[in-house]
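Worksheet: the structure to be examined is printed underneath.
Chains as they are written, first to last, in the numbering used here: chain A, 1 to 404; chain B, 1001 to 1404.
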């Protein structure tokens, strides 16, 4: 594709799609142009003025257009996106996408489609917006020295927690603000229940360790149930509560992963990742910790990441999924003990969860909490019951610190 | 090189060379082994036990060995390194190097050699140790949205400033500590006079903007002359003094670059880059600021970066210097005004430098300082005189903030 220009068929013209349109206008050396745009409703008012005749509501108008040599897919539903991506890949048309839900659920099929049709699917924008996490894990941390990837992967829940923690705003008002600013997904439960971070973690794990774990097999607990009492408790302990996703090698053969609110002390890099920012810590045997930090949400940051993937196509770049071919890959386990804080009122959590060990119990008229060790497998087994609105769980990180 | 193993001819077996040896031992999936090691003195005692029969003192033993398919060069002198690298490239043998002095001085010739002999030279380890700055600038920030790369690129001067600032240690004792810990180059003037940071900045600029600027054309001022009075002043103003290298686009057509101590306020990302760490801020039109942070010095962090380059060779990776082929590249200018702090005693700085404007003058029995605007071109014109031991310059960043 080196000599020719990139002719883009764009699916979706919301916040990110319009951002791409604007970024391409600014980038003289991109040699890429949007030829067709597929949307659900052509007449919907939009901030960006694209020529009306390039719009269509029929996906096949783009997929069958011989001029289009790259599909950029930024619609926000997973299944229609998967249909578009797999059709395009099957026709040998490369695809750039930011759709983490689609990727997390369909990566094995999408990897197989890329192999079978010798065509590229790029999705650096899917994880951490403008931070090049996937590309670096794939290309640079391309060895078996990697021990852990841990970070704040969801900009809008982080924005909400920042507003609540640092600005004393109420949770509801902070959520509304996040939506107004375009940080939150159209379905906010994705953000605040941790699924957006989960999907990104699943994608990251493929590129970090060469292993695909189904989203459904990963313990995911969001911030929807956070309460003044939790904020008060965290403040007293001089920690912040952050929604943290992590994949951690336990030894040469095993790793674990989960998404959970976490008490973050001031000494940690992610403590100072505030507002809509994302921050990722990559820990390795020899380089210790590296930290990457940048805007994780919003129209232009995501669009600039999509642009990097578009540009990469000019040089025929594709992910090679090298680590999936390693002779020995670690296997996923939930047989690991976490230390957790659980706030509860109506639910007697001690009757629901088999804790390994209880360190502290606090009972009062207003709220109760325990600090206890619990197996991750136990949390997964009981996860339906943990969503009760009177409960809030947070990880107190130490299990792998003990192992350092 | 995909199917075959990598057989490395290693030049240099000091701190970094021994680190590479140890890292390769740990990395089962690297499929790379060190076959020959060229050193100046075979009998020098070393911490790492490599088989004696793989050592040689004759470079040609390695360069003519048909088994060797990758040269890794980690000696600390620029000219012998250039001789080895250019010989190897001319023979079509790819080279991995961390030698920033060689690269900064010879990049145009080395780029031409790569092109002419269709062979790769990789050097991500040359800039910021374990942080993948070069690769990201080359691959990911591969568009014309980049506005600025700014950072702490020298681990040992930063370690010294951290010890002085945060631990009240004396400058001499901090320098000795840095050397004992293996952070400082064998010639410490490289670190403390800013040349190490300068060389990295020259390399970064090639990959950030596609423009090579000779090291000698760049204003470089180190921390050798820092004095208690400067530290005192900075503390009173609640800033830290950091040695900062930066390349900044002024508009579409022009950029400037320089290495100078800088007053860094608490709100800046690089404020919290302490000890031997490096931190780089990449600013772009759409993604605003991204921050990468990691160990910038030391045996294993540098070695793990060299390993990433070695692994990249398994997939025939090479830098393409794409930005050098852009139709319009910005040109380097020193016609830009900086606001500076200058502490002086014997030298009457107001008679040496033509300041554009003087904001403050402070005169006392012990020391004097001015806060003034000065053209970067004026600093370069007078640079010989600015090294007088009674002078200390620091940048008060604002010229490009005004432009934001």
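Glycine included, every Cβ here is placed at the ideal spot set by N, Cα and C.
Values in this document were obtained by computation on a predicted structure and should not be read as measured data.
Check: Quick one: grab the DSSP three-state call for residue 1338 of chain B.; Outcome: strand
Check: Scan the segment 1124-1145 of chain B for residues whose Cβ lies nearer than 9 Å to a Cβ of chain A and list them as they occur along the chain.; Outcome: 1124, 1129, 1130, 1131, 1132, 1135, 1136, 1139, 1140, 1141, 1142, 1143, 1144, 1145
Check: Nearest-angstrom Cα distance between residue 1095 of chain B and residue 1309 of chain B?; Outcome: 9 Å
Check: Could you name the residues of chain B that residue 312 of chain A contacts, counting a contact when the two beta carbons are closer than 9 Å?; Outcome: 1139, 1140, 1142
Check: Thinking just about the alpha-carbon of each residue, which of A/72, A/231, A/248, A/176 is nearest to the one in residue 240 of chain A?; Outcome: A/231
Check: Does residue 23 of chain A come within less than 7 Å of chain B when only Cβ atoms are used?; Outcome: yes
Check: Suppose you measure from the CA of residue 296 of chain A to the CA of residue 1248 of chain B; what does that come to, to the nearest Å?; Outcome: 24 Å
Check: Three-state secondary structure (DSSP) at residue 5 of chain A?; Outcome: coil
Check: What does the alpha-carbon distance come out to for the pair residue 357 of chain A and residue 335 of chain A?; Outcome: 15 Å
Check: In whole angstroms, what is the alpha-carbon distance linking residue 1255 of chain B and residue 1087 of chain B?; Outcome: 34 Å
Check: Look at the alpha carbon of residue 1012 of chain B and the alpha carbon of residue 1079 of chain B, and state the distance between them as a whole number of angstroms.; Outcome: 14 Å
Check: Please state whether DSSP places residue 212 of chain A in a helix, a strand or coil.; Outcome: coil
Check: Cutting at 8 Å between CB atoms, please list the residues of its own chain near residue 219 of chain A, excluding the five before and the five after it.; Outcome: 258, 259, 260, 334, 376, 379, 380, 383
Check: Can you check which of these residues, B/1028, B/1015, B/1019, is closest to residue 328 of chain A by C-alpha distance?; Outcome: B/1028
Check: Quick check on residue 3 of chain A - is its C-beta less than 7 Å from some C-beta in chain B?; Outcome: Any reading at residue 3 of chain A must be qualified, since the residue scores a pLDDT of 44, below 50, and its modelled position is unreliable; the value itself is stated next. For residue 3 of chain A, the answer is no, since every Cβ of chain B falls outside 7 Å of its Cβ.
Check: Under 8 Å by Cβ, that's how I've got residue 102 of chain A and residue 120 of chain A pegged, so tell me the actual separation to the nearest angstrom.; Outcome: Their Cβ separation, rounded to whole angstroms, is 16 Å, which puts residue 102 of chain A and residue 120 of chain A out of contact at 8 Å.
Check: Using a 10 Å radius around the Cβ and a threshold of 16 neighbouring Cβ atoms, would you call residue 1053 of chain B buried or exposed?; Outcome: exposed
Check: Quick one: Cα of residue 1301 of chain B to Cα of residue 271 of chain A, how far?; Outcome: 24 Å
Check: For a quick check, are the C-beta atoms of residue 42 of chain A and residue 59 of chain A less than 7 Å apart?; Outcome: no
Check: Determine which residues of the segment 1153-1171 of chain B have a Cβ less than 9 Å from any Cβ of chain A, and write them out in chain order.; Outcome: none
Check: Return the residue from the list A/342, A/287, A/251 that minimises the CA-CA distance to residue 262 of chain A.; Outcome: A/342
Check: Have a look at A/161, A/132, A/192, A/9 and flag the residue whose alpha-carbon is nearest the alpha-carbon of residue 67 of chain A.; Outcome: A/9
Check: Note down, in chain order, all residues in the segment 283-297 of chain A with a beta-carbon under 9 Å from any beta-carbon belonging to chain B.; Outcome: 284, 285, 286, 287, 288, 289, 290, 291, 292, 293, 294, 295
Check: Ordered along the chain, which non-local residues of its own chain (more than five positions away) have a Cβ less than 8 Å from that of residue 391 of chain A?; Outcome: 225, 342, 343, 344, 347, 349
Check: Going along chain A, which residues have a C-beta under 7 Å from residue 1320 of chain B?; Outcome: 315
Check: Just tell me which of B/1167, B/1166, B/1149, B/1227 has its CA closest to the CA of residue 1197 of chain B.; Outcome: B/1149
Check: Which ranges would you report for the beta strand (DSSP E) in the segment 1111-1136 of chain B if only whole runs of at least 3 residues count?; Outcome: none
Check: Based on Cα-Cα distance, which residue from B/1389, B/1250, B/1287, B/1386 lies nearest to residue 1337 of chain B?; Outcome: B/1250
Check: For residue 1099 of chain B, which of helix, strand or coil comes out of DSSP?; Outcome: coil
Check: For the segment 1226-1263 of chain B, which segments carrying the alpha helix (DSSP H) assignment without a break, of at least 4 residues, lie completely within its bounds, in sequence order?; Outcome: 1228-1236
Check: Could you tell me if residue 1398 of chain B is buried or exposed, where buried requires 16 or more neighbouring beta carbons within 10 angstroms of its beta carbon?; Outcome: exposed
Check: Report the residue from A/107, A/273, A/114 whose alpha carbon sits nearest the alpha carbon of residue 159 of chain A.; Outcome: A/273
Check: State the start and end residues of the unbroken alpha helix (DSSP H) segment that holds residue 398 of chain A.; Outcome: Looking at the DSSP string, residue 398 of chain A is not in any alpha helix (DSSP H), and its letter there is neither H nor E.
Check: I need the straight-line Cα distance from residue 1140 of chain B to residue 1045 of chain B, nearest angstrom please.; Outcome: 43 Å
Check: Determine, for residue 326 of chain A, whether the minimum Cβ-Cβ distance to residues of chain B falls below 7 Å.; Outcome: yes
Check: Can you check DSSP and say which residues form a bridge with residue 1015 of chain B?; Outcome: Paired residue(s): none; residue 1015 of chain B is not in a bridge.
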